[in-house]
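Note that the working numbering has the sequence shown beginning at 1, numbered continuously upward.
We put the beta carbon where it would ideally sit given N, CA and C, even for glycine.
Note sheet for the following structure.
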Amino acid sequence: MIYYILGLILIVIGCFHLLGVADRVEPEIVLYVQNKFKNNPLLVFFKEIWFFGRTSFALIMLLFLTCFGWKMGSVASGVFFVAVGIEHFVKKLSNRERPYISHPAIAMLQPLEPTDSSFPSGDSLRIWYLALIVPAALGDSTLFLTTAISLAVLVTLGRIVMGVHYFTDTLAGAGLGILSAGTTIWFWTQMNIF
Numbered sequence: 001m002i003y004y005i006l007g008l009i010l011i012v013i014g015c016f017h018l019l020g021v022a023d024r025v026e027p028e029i030v031l032y033v034q035n036k037f038k039n040n041p042l043l044v045f046f047k048e049i050w051f052f053g054r055t056s057f058a059l060i061m062l063l064f065l066t067c068f069g070w071k072m073g074s075v076a077s078g079v080f081f082v083a084v085g086i087e088h089f090v091k092k093l094s095n096r097e098r099p100y101i102s103h104p105a106i107a108m109l110q111p112l113e114p115t116d117s118s119f120p121s122g123d124s125l126r127i128w129y130l131a132l133i134v135p136a137a138l139g140d141s142t143l144f145l146t147t148a149i150s151l152a153v154l155v156t157l158g159r160i161v162m163g164v165h166y167f168t169d170t171l172a173g174a175g176l177g178i179l180s181a182g183t184t185i186w187f188w189t190q191m192n193i194f
């Protein structure tokens, strides 16, 4: 239940840019964050952990879950693909330009240039989805869950640091990932997979 509430709250906050509320402030946030990390060794770190938000990593992890049980992996994959479908639909609908395109002062620092629109962040969706379902599948170790959530926070922050997303993009993506993780865990519970 907490995943549904948190996910919906983040999605709603992420949609504030549609009202024009965040449009004035968000480019300044991206510039501020980029300036903080411009000459910082952590910038290299953000570029390296970027892989954990990629679709290829998510597919590897879903395959890993399928090795623990085909039902577990099938449910996780099914919910994941629905979430990604929603993400792509909303991206096409919103057609929000990425920060580095809309604002020349913002640099694109990601290893590969994105080709889709900015809202919502797909990398944030994927990393938050995985950060919650993988520890749940492996027994909810507090240390593992804390590590996974910490990685999700860093990957999400990295999206802003690299100039490819606004703050609200990452909130909406994280919200969709958390909501989807809650749905997956609910299905697992209903199917007595744990």
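The shortest C-alpha to C-alpha distance from L109 to any of T147, T146 and E48 is the one to E48.
A174 carries a helical assignment under DSSP once its states are collapsed to helix, strand and coil. By the criterion of at least three beta-carbon pairs nearer than 8 Å, the stretch 165–176 is in contact with the stretch 109–124. Contact holds between the stretch 53–66 and the stretch 122–131, because three or more Cβ pairs, one in each stretch, are under 8 Å apart. The beta carbon of T183 sits closer than 6 Å to those of V79, all from its chain and outside the five residues before and after it, given in chain order.
The alpha carbon of H17 has as its nearest neighbour, out of I185, T189, Q190 and Y166, the alpha carbon of Y166. Taking 8 Å as the cut-off, the Cβ atoms of A137 and F68 count as close. Where V164 is concerned, there is no enclosing alpha helix (DSSP H), because DSSP gives it neither an H nor an E. By the Cβ criterion, the stretch 32–45 is not in contact with the stretch 143–152, since fewer than three pairs of Cβ atoms, one from each stretch, lie closer than 8 Å.
T115 sits in coil when the DSSP states are folded into three classes, being neither helix nor strand. L6 is a Cβ neighbour of I178, given a cutoff of 8 Å. Under the three-pair Cβ rule at 8 Å, the stretch 82–102 does not count as touching the stretch 152–159. Contact between V161 and F37 holds, with the beta-carbon distance rounding to 5 Å and staying under 8 Å. M61: member of the alpha helix (DSSP H) spanning T55 to F68, first to last residue.
By alpha-carbon distance to I2, the top candidate from L132, L31, V30 and S77 is L132.
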